[in-house]
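Novice:
In our numbering, the protein residues as written are 980 to 1087.
1) Ignoring anything shorter than 3 residues or poking outside the segment 992–1036, list the beta strand (DSSP E) runs there in chain order.
2) What alpha helix (DSSP H) runs, 4 residues minimum, are completely inside the segment 1036–1075?
3) Taking the alpha helix (DSSP H) that residue 1082 falls in, what are its first and last residues?
4) To the nearest angstrom, how far is it from the Cα of residue 1008 to the Cα of residue 1018?
5) On a CA-only basis, which of 989, 1023, 1061, 987 is nearest residue 1043? Give me that one, please.
6) Residue 981 lies in the alpha helix (DSSP H); which residues open and close that run?
Dropping the structure here:
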């Protein structure tokens, strides 16, 4: 969430592309992303403004700060010049969300 809120245009956890409907489940040392197990080290990659994303992640009180409280070497944040993320595989159909209709275009 911190990456999306900071303007990330694309995110992958492990080798799974993440979208708004992606689900996660932690089972001991394994993180399941869309039902696909991802073991340590869990690599999270994001495309966006590197300085903004980095600043959001290392800000005091955020997730990385919390992780580093227990082990300073457990979370490493790097800025890279180029990354390639996997394509999203999964259902993109939303069941309940509908486009907003402008009031002047709304049916009467």
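The C-beta atom is built at its ideal place from N, Cα and C for all residues, glycine as well.
Specialist: Here's the rundown:
1) The beta strand (DSSP E) runs of length 3 or more contained entirely in the segment 992–1036 are, from start to end of the chain, 995–997, 1003–1006, 1009–1012, 1015–1017, 1023–1026.
2) Fully enclosed alpha helix (DSSP H) runs of 4 or longer: 1042–1049.
3) First-last for residue 1082: undefined, no H or E at that position.
4) 7 Å
5) 1023
6) 981–984
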